[in-house]
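**Student:** Here you go, one structure.
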């Protein structure tokens with residue numbers, strides 16, 4: 001009668017082989033996951049770097065013009081199909097926050 005707990009070669013019991021494989025998998029997973037980049041939290045209260053750009057009408061708009069407001073800053077192009085597709089959701093966001101200190105730039 002064959003012993004189901006021993007490999008055919010007569011070496012380690014099957015349970016030991018399974019245990020060793022499981023430990024190796026866990027160690028490899030820990031090594032991989034520990035190497036992932038950890039993101040630092042946003043430092044609230046730090047002033048952003050001011051910059052100036054032209055709006056759609058050619059007027060100069062500076063970031064400091066929006067001081068005290070929450071802004072949604074979106075860079076897009078008329079040739080960008082996904083940019084066009086996001087416009088309705090941005091309009092809904094703007095409508096929902098209308099009257100609050102919020103601007104989409």
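Residue numbers (my numbering): 1 to 105. By construction, the Cβ of each residue, glycine as well, lies at the ideal position given by its N, Cα and C atoms.
Would you say residue 64 and residue 103 are within 8 Å of each other, going by their C-beta atoms?
**Tutor:** no
**Student:** Run through the DSSP bridge pairs and tell me what residue 62 is partnered with.
**Tutor:** In the DSSP assignment, the residues bridged to residue 62 are 52.
**Student:** Give me, in chain order, the residues of the same chain whose beta-carbon lies closer than 8 Å to that of residue 90; leave out the 5 immediate sequence neighbours on both sides.
**Tutor:** 72, 74 and 104
**Student:** Going by DSSP, name the residue or residues bridged to residue 70.
**Tutor:** 102
**Student:** Taking the C-alpha atoms as reference points, what is the distance between residue 44 and residue 18?
**Tutor:** 49 Å
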